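The block underneath contains the structure these notes are about, expressed in structure tokens.
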Amino acid sequence: MNEFMEKLKLLKKWESDGICVLKNDFIMVQIIEPHEGSDFKWIIRADYEETFERWGVCFYEAKVDNLDCNLNPIISDLRLMIARKDKLIESHIKENGEIYYEINNWANKLDWNFK
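Counting from 30, one number per residue, gives the positions in the sequence shown under the numbering used here.
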């Protein structure tokens, strides 16, 4: 976990009952430890703060048996997510003048390690 946090410059936002949420200036990451409801797999989810609605519909999700063996591909994905933020997020203006953000279709063109 420390290596993961260091490589992506993530800070721990909170941790409780096998769930940890980390954050940096670009993304939020949720790590869920293996349990029966996850088929005993690690779940790593990530989203941009601007587009975050809830973890169940976040932009990025990976499920892996062994976090240590799959850490580098996940870090690569999240680095790609950070590097492409300007291309992945588009802003829109509502009728009331409020700005909202969403992930655009360009995201489907990226080669993610986990889908």
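Just so it is clear, CB atoms sit at the ideal spot from N, CA and C, and this is done for glycine as well. Source: prediction; values computed, not measured.
In the three-state scheme derived from DSSP, where H, G and I count as helix and E and B as strand, Trp43 is classed as strand. Secondary structure within the region 38-83: the beta strand (DSSP E) runs of 3 or more consecutive residues, fully enclosed, are 40-45, 48-52, 56-61, 71-77 (chain order). Taking Asp94 as the centre and dropping the five residues before and after it, the same chain places the C-beta of Lys70 closer than 7 Å to its C-beta, in chain order. Taking the Cα positions, Lys36 is about 19 Å away from Ile72.
Taking 4 residues as the shortest admissible run, the region 91-123 contains the following complete alpha helix (DSSP H) segments, listed from N- to C-terminal end: 96-112, 114-117. Counting along the chain, the unbroken beta strand (DSSP E) around Glu131 starts and ends at 128-132. A distance of 8 Å or more separates the beta carbons of Met57 and Glu82. When the alpha-carbon of Phe88 is set against those of Asn125, Tyr130, Glu62, Lys123, the nearest one is in Tyr130.
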